[in-house]
Amino acid sequence: MLLHLLLLLLLLLLPLLLLLLLLLLLLLLLLLLLLLLLLLLLLLLLLLLLLLLLLLLLLLLLLLLLHLLLLLIIIIIIIIIIIIIIIIIIIIIIIIILLLLLLQLLLLLLLLLQLLLLLLLLLLLMLLLLLLLLLLLLLLLLLLLLLLLLLLLLLLLLLQQLLLLLLLLLLQLLLLLLLLLLLLLLLLLLLLQLLLLLLLLLLLLLLLLLLLLLLLLLLLLLLLLLLLLLLLLLLLLLLLLLLVLLVLLVLLVLLLVLLLLLLILLLLLLLLLLLLLLLLLLLQQQLLLLLLLLLLLMLLLLLLLLLILLLLLLLLLLLLLLLLLVLLLLLLLLQLLLLLHQLLILLLPQMLLLLLLLLLLLQLLLLLQQLLLLLFLVVLVLLLQCYCYYYIF
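Residue numbers (numbering that gives the first Met the number 0): 0 to 392.
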């Protein structure tokens, strides 16, 4: 009976046990699924960690590359700045050498101008001496003519029968005067040639000055050369004035030559007139007073012409004196230019030293700027690294 009851109880509890077993199996399955999910999650986390590590490594490599690039850029910039500074220093040294050569060339040209002006002064002194000699000759000629006139009057008063001989003597004197005037004409022609030669020298000097001005305009690198340029322009103007004075002097000499030619023509006419009078006297012996009057008139005309010639020669002397004054002014100006050149040579080393000091100061400032830039870039790289590390971790 009990056994039957137990069997019935077992039969009744068996579905419950089966249900329990099924529930246990389901729980086990759920646990296994959970474990699988956990494993999958762990794998995913590991993969994510590996990816993050790879990204960190890439970021570090990029930062290192960036740092190297920045250092390379800084080095390239420093090299470029040093090359530029070296090129600037070389250019400044070349400019200084050119300026020294230009100053030496200017000194040589100034010395050449001074020598030319001294030669012009010597030529003018020689011309003045020649003119003084001509004046003395003319004065002697005037005295001789006056003496001849007095002697002629005395002879005509004392010996009226010797008129023919007196006329012959007068002809000889006139011929002698003609020869003297021809010599004076030759001297004036020589003077004209000397003046033309002087004009050619002045023209060559003007051409040299113009070339020097062009050279200064091409090589004008400092402001001090402006003063030299102005002084050379002033010298050029003075030389132009001197050229104008010489042209006037040449014209005056030509005028004197023309006057001498006119005087020679007048003397020739007087000779012809005297010859005619001599013929008349040979034909007729009654023309003594008329011949005497004509002779006096001719001598007076000759005296007037000689006085006019003396006045013209005095005017020529005044012009030559004016020319000498202008040349003296030019010499003074050249002396001033030489003094200015010496002053520039004395001041040039101080200027060069000051320029070198300024260049060194500029180079120090550039190096300081480069150091500050390098420091700023290093600090910036460190800040970027700190920020990246902070962002990663």
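All residues carry an ideal CB built from backbone N, CA and C; glycine is no exception.
When the beta-carbon positions are compared, LEU373 and ILE73 come within less than 9 Å of each other.
Within its own chain, no residue has a Cβ closer than 6 Å to the Cβ of LEU29 once the five positions on either side in sequence are excluded.
The alpha-carbon separation between LEU71 and ILE78 amounts to approximately 11 Å. Inter-residue distance for ILE86 and LEU68 is about 27 Å (C-alpha atoms, whole angstroms). CA-to-CA, the gap between ILE94 and ILE84 works out to about 15 Å. Distance from the CA of LEU42 to the CA of LEU51, rounded to the nearest whole angstrom, comes to 14 Å. The alpha-carbon separation between LEU31 and LEU61 amounts to approximately 45 Å. In this structure, the alpha-carbon of ILE80 lies about 12 Å from that of ILE88. Shown here for LEU324: not one same chain residue has a beta carbon closer than 7 Å to its own, the five before and five after excluded. One alpha carbon belongs to LEU37, the other to ILE76, and they sit about 57 Å apart. Cβ contact annotation for LEU4 (same chain, cutoff 6 Å, sequence separation greater than five): none. Distance from the CA of LEU97 to the CA of LEU363, rounded to the nearest whole angstrom, comes to 27 Å. Just so you know, the alpha carbons of LEU45 and LEU39 end up roughly 10 Å apart.
Straight-line measurement puts the Cα of LEU18 at about 26 Å from the Cα of LEU35. Spanning the alpha carbons of LEU20 and PRO14 requires a straight line of approximately 10 Å.
Between the C-alpha atoms of LEU12 and LEU25 there is a straight-line separation of about 20 Å. Put simply, the backbone Cα of LEU48 is about 10 Å away from that of LEU54.
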